[in-house]
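Asks: Just remember that my numbering sits 1 ahead of the position in the sequence shown, which is counted from 1.
The C-beta atom is built at its ideal place from N, Cα and C for all residues, glycine as well.
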Amino acid sequence: MGLYDLLLKQTYQQALKKLSLIYLRTGRKVTYQVTPEHRKESKRLIEKLAVSLQKENEWRPQEGEQCDRCSYQRYCAEKAEVPEPLPENARRPKGMQLLLPL
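1. Should the segment 33 to 45 be regarded as contacting the segment 4 to 14, the criterion being three or more beta carbon pairs within less than 8 Å?
2. Taking C-beta to C-beta, are Ser21 and Lys30 nearer than 8 Å?
3. Just to confirm, is the Cβ distance from Glu64 to Glu79 under 8 Å?
4. In chain order, what residues of the same chain have a beta carbon less than 8 Å from the beta carbon of Arg75, not counting five sequence neighbours either side?
5. Identify which residue in Thr27, Met2 and Leu25 has its Cα closest to the Cα of Leu17.
6. Just curious, the beta strand (DSSP E) that Tyr33 is in, first and last residue?
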């Protein structure tokens, strides 16, 4: 939720006091209070993740429950016995660019 808060604050130039998630399957609504401490911790975690992502040179697949919904399975060494090669038109990023100014 912290990332959503920072993005909304950046986009609309005003801080929100509450954020809500509405689960579409169940209709359940979960509301979070946004405090300055919450923003500070969210920003710290995002910065830590960004630094970690910039240092990583190779990302290995990690099988988990998300795999059941992934359309990449046929290319994945974790899910396919003999993975298909990536299509020629698959974008291969030359680097990483973080767009959220922190």
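Replies: According to the structure data:
1. yes
2. yes
3. yes
4. Ala81, Pro84 and Glu85
5. Met2
6. Lys30 to Gln34
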